[in-house]
Amino acid sequence: IKLHYFAYRSRGHPIKLLLKNAKVPYEDVLLEFPDWMKGKKAEYEFGVLPVLEMEGKQFSQTRAILRLLGRKYGYYPKDELQAYEVDCLMDAFDDWLHTVAYKYFIDRIFQGKTKEEVEPNFPLVIDTINKIIQNSIASLEGRLTNSGSKYLVGNSLTIGDFMFHTFAGSFTSLNTIFNEDWNCDNFDKAPKTKALYERLTEEFQGILEEIGLKDAIIQYQIKQTVLKILMKQ
Amino acid sequence: KDMSIKLHYFPLRGRGHPIRLLLKHAKVAYEEVIVVFPDWFKVKWEYEFGVLPVLEMEGKQFSQMRAILRLLGKRHGYYPADEMEAYEVDCLMDAMDDWLMSVAMKYVVPKQFLKKPKEEWEKSLPAINDSINKMLTNLEGRMTKSGSKYLVGDKITIADFVFLTYAGSYTSLNPVFNADWNFDNFKDFPKLKEFYDR
Chain A
240 IKLHYFAYRS RGHPIKLLLK NAKVPYEDVL LEFPDWMKGK KAEYEFGVLP
290 VLEMEGKQFS QTRAILRLLG RKYGYYPKDE LQAYEVDCLM DAFDDWLHTV
340 AYKYFIDRIF QGKTKEEVEP NFPLVIDTIN KIIQNSIASL EGRLTNSGSK
390 YLVGNSLTIG DFMFHTFAGS FTSLNTIFNE DWNCDNFDKA PKTKALYERL
440 TEEFQGILEE IGLKDAIIQY QIKQTVLKIL MKQ
Chain B
350 KDMSIKLHYF PLRGRGHPIR LLLKHAKVAY EEVIVVFPDW FKVKWEYEFG
400 VLPVLEMEGK QFSQMRAILR LLGKRHGYYP ADEMEAYEVD CLMDAMDDWL
450 MSVAMKYVVP KQFLKKPKEE WEKSLPAIND SINKMLTNLE GRMTKSGSKY
500 LVGDKITIAD FVFLTYAGSY TSLNPVFNAD WNFDNFKDFP KLKEFYDR
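Residue numbers (the working numbering), protein chains in the order written: chain A, 240 to 472; chain B, 350 to 547.
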């Protein structure tokens with residue numbers, strides 16, 4: 240089994256969390272962005288990552304892969320209403336990525352723009368991002384309060400938890416890099432949601448260390464800075 | 350408590366239409382709650398995730414088109430029991446949503462919502478056309494290979510409802526787009542065109 244993705248968390252990470260939790264061995268195939276833009280993209284079925292190579296075939300689309308593996312290894316509810324809850328929340332989390340990534344992440348992290356360079360757009364961007372994140376977190380908090388469940392949905396780990404942990408850690412104020420710019424607490428009114436995040440972090444501790452991408456975003460930024468310096472020389 | 354089924358969406362096809370197609374095909378009675386654009390920003394955050402479509406059913410709110418389609422699909426027989434076929438349906442729906450997003454963001458939003466002049470969105474058309482072609486090539490290939498009458502397996506699935514909606518709205522099959530694009534997305538894809546017409 241090979242997982243093709245870039246060297247940061249985002250959409251590849253929930254799949255890694257699942258495979259590690261299920262103790263299924265796999266290999267990382269790490270792609271570099273310049274290679275991707277130069278033509279590697281065309282080698283993949285839909286021109287998107289992550290792609291899972293398994294049983295001699297290519298599988299695309301994060302949530303479709305998570306659902307397939309989830310059914311296989313017991314991380315996807317059999318009950319259709321619980322399955323709906325997981326599906327709905329995963330789609331909402333992916334919206335975070337779209338919003339935060341396309342309005343902020345790409346400028347700030349990919350293109351390495353400084354806070355000063357992006358700051359003029361900031362108030363509107365941060366306002367939009369915050370509304371969406373706050374709203375989802377409020378919904379999540381409501382669900383967790385009503386259900387009293389131990390995990391995101393139900394009382395055992397699901398693919399929703401893998402996705403929640405990845406995205407909450409990267410695309411909210413829990414990400415210390417973002418918090419430098421945002422200086423707000425997305426979870427100040429969501430104690431149960433925060434507690435879920437912390438509980439999952441504890442449960443995944445060994446796995447996160449194995450995956451070893453805790454500082455991927457920082458590594459990437461450092462690499463970009465070095466690249467910029469080298470290109471100027 | 351009101352237990353009738355209500356579909357909340359804008360007055361267009363977009364992400365609401367596949368759900369409409371499913372409910373009509375399954376002969377399930379439902380009501381349309383049309384949200385017009387001037388009202389949208391007033392009511393946006395009354396909906397759970399601030400997005401439409403939302404399906405009101407059994408006294409509850411259900412959000413996210415694909416999650417709703419999967420639930421209704423399981424209940425009414427439009428979602429495969431086989432996990433590989435289910436994966437195919439999921440994967441195609443996500444890929445088709447990428448297609449919608451690129452056409453919507455680069456063309457529909459600037460042209461129809463923000464009313465920007467042609468010069469501003471015209472240059473996106475080649476790239477959009479390229480991504481549509483890639484999508485259609487993939488789908489045509491699948492249908493040719495499987496020899497099936499439908500996108501996945503041999504009966505209608507939620508992927509077919511999504512394809513029918515998006516093909517009708519976001520390709521040259523849409524006469525509004527064709528006025529700007531003036532070409533045929535389906536000229537190389539006879540199987541898909543035949544499938545769509547059927």
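Ideal placement from N, C-alpha and C gives every residue a C-beta, glycine not left out.
All of these numbers come straight from a predicted model, not from anything done at the bench.
Between the CA atoms of residue j and residue i - distance to the nearest angstrom
| i | j | result |
| --- | --- | --- |
| ALA377(A) | GLU356(A) | 31 Å |
| LEU308(A) | THR397(A) | 11 Å |
| LYS241(A) | LYS255(A) | 10 Å |
| PRO459(B) | PHE386(B) | 15 Å |
| VAL263(A) | THR432(A) | 28 Å |
| PRO316(A) | GLY393(A) | 8 Å |
| ASN482(B) | ASN385(A) | 46 Å |
| GLN321(A) | ALA435(B) | 17 Å |
| VAL438(B) | LYS494(B) | 16 Å |
| ASP446(B) | TYR519(B) | 11 Å |
| LEU391(A) | LEU379(A) | 8 Å |
| ALA508(B) | TYR283(A) | 21 Å |
| PHE443(A) | TYR358(B) | 39 Å |
| GLY445(A) | ALA453(B) | 42 Å |
| THR506(B) | GLU319(A) | 17 Å |
| PRO360(B) | ALA416(B) | 21 Å |
| GLN461(B) | LYS467(B) | 11 Å |
| LEU485(B) | SER521(B) | 12 Å |
| GLU271(A) | GLY422(B) | 39 Å |
| ASN418(A) | PHE410(A) | 10 Å |
| GLY496(B) | GLY490(B) | 10 Å |
| THR353(A) | THR415(A) | 16 Å |
Close-in-space but distant-in-sequence residues of the same chain around residue i (CB under 7 Å, 5 per side omitted)
| i | result |
| --- | --- |
| LEU439(A) | ASP400, HIS404 |
| MET414(B) | ARG364, PRO367, ILE368, PRO402 |
| LEU383(A) | LYS431, THR432, LEU435 |
| LYS465(B) | PRO459 |
| SER388(A) | ASN394 |
| SER339(B) | Past the boundaries of the shown model lies residue 339(B); chain B is included only from 350 to 547, so the question cannot be answered. |
Contact set for residue i: own chain, Cβ-Cβ below 6 Å, skip 5 residues either direction
| i | result |
| --- | --- |
| LYS453(A) | Any reading at LYS453(A) is ruled out, since the residue's pLDDT is 45, under 50, leaving its predicted position unreliable. |
| ARG250(A) | PRO289, THR301 |
| TYR312(A) | ALA261 |
| LEU258(A) | TYR265 |
| VAL511(B) | PRO367, MET442, MET445 |
| LEU372(B) | TYR379 |
| TYR244(A) | GLY251, LEU288, PRO289 |
| VAL382(B) | LYS355, HIS357 |
For residue i, the nearest candidate out of the options (CA to CA)
| i | options | result |
| --- | --- | --- |
| PHE332(A) | ILE372(A), PRO359(A), LEU363(A) | ILE372(A) |
| LYS376(B) | HIS425(B), THR514(B), VAL384(B) | HIS425(B) |
| LEU291(A) | ILE304(A), THR353(A), THR411(A) | ILE304(A) |
| ALA378(B) | PHE359(B), LYS355(B), ASP388(B) | LYS355(B) |
| GLY448(B) | SER480(B), ILE383(B), TRP389(B) | A small fix is needed here, since residue 448(B) is Trp in this sequence, not Gly. If we check each option's Cα against that of TRP448(B), SER480(B) comes out closest. |
| ARG248(A) | CYS423(A), MET402(A), LYS296(A) | MET402(A) |
| LYS523(B) | GLU432(B), PHE359(B), TYR427(B), VAL457(B) | Looking at the sequence provided, one finds Asn at residue 523(B) rather than Lys. Measuring from the Cα of ASN523(B), the nearest candidate turns out to be VAL457(B). |
| SER412(B) | SER375(A), PHE410(A), SER395(A) | SER375(A) |
| VAL339(A) | ILE365(A), PRO273(A), ILE450(A), THR353(A) | ILE365(A) |
| LEU370(B) | GLU432(B), PHE390(B), LEU418(B), SER521(B) | LEU418(B) |
| HIS337(A) | LYS389(A), THR367(A), LEU269(A), PRO359(A) | THR367(A) |
| LYS504(B) | LYS467(B), ALA430(B), SER521(B) | ALA430(B) |
| ARG362(B) | MET352(B), LEU488(B), VAL384(B) | VAL384(B) |
| ASP334(A) | PHE390(B), GLY490(B), VAL400(B), HIS374(B) | VAL400(B) |
| CYS423(A) | LYS389(A), GLU448(A), LYS370(A) | LYS370(A) |
| ILE274(A) | TYR323(A), ALA246(A), GLN297(A), PRO253(A) | The sequence given here has Asp at residue 274(A), not Ile. The shortest Cα separation from ASP274(A) among TYR323(A), ALA246(A), GLN297(A), PRO253(A) belongs to ALA246(A). |
| GLU432(B) | ARG310(A), TYR323(A), TYR314(A) | ARG310(A) |
| HIS374(B) | SER451(B), TYR427(B), ASN487(B) | TYR427(B) |
DSSP beta-bridge partners of residue i
| i | result |
| --- | --- |
| ILE383(B) | TYR358(B) |
| ASP267(A) | LEU242(A) |
| MET293(A) | LYS296(A) |
| PHE411(B) | LEU404(B) |
Contacting residues, own chain, Cβ-Cβ under 8 Å from residue i (five flanking each side not counted)
| i | result |
| --- | --- |
| LYS455(B) | TRP470, SER473, ALA476, ILE477 |
| LEU413(A) | ALA407, ASN425, PHE426, TYR436 |
| PHE285(A) | SER299, GLN300 |
Any non-hydrogen atom of the ligand GDP within 6 Å of residue i CB
| i | result |
| --- | --- |
| GLY399(A) | In terms of ligand content, the structure shown is empty, and the ligand GDP therefore cannot be addressed. |
Within the chosen definition, does the region 402–411 of chain B reach the region 500–509 of chain B through at least 3 CB pairs nearer than 8 Å?
no
Is there contact between the region 274–284 of chain A and the region 316–327 of chain A, where contact requires at least three CB pairs shorter than 8 Å?
no
Taking 8 Å as the cut-off, does the region 439–451 of chain B touch the region 390–399 of chain B (at least 3 CB pairs, one atom from each stretch)?
no
Is the region 357–373 of chain B touching the region 511–526 of chain B in the sense that three or more CB pairs, one from each, lie closer than 8 Å?
yes
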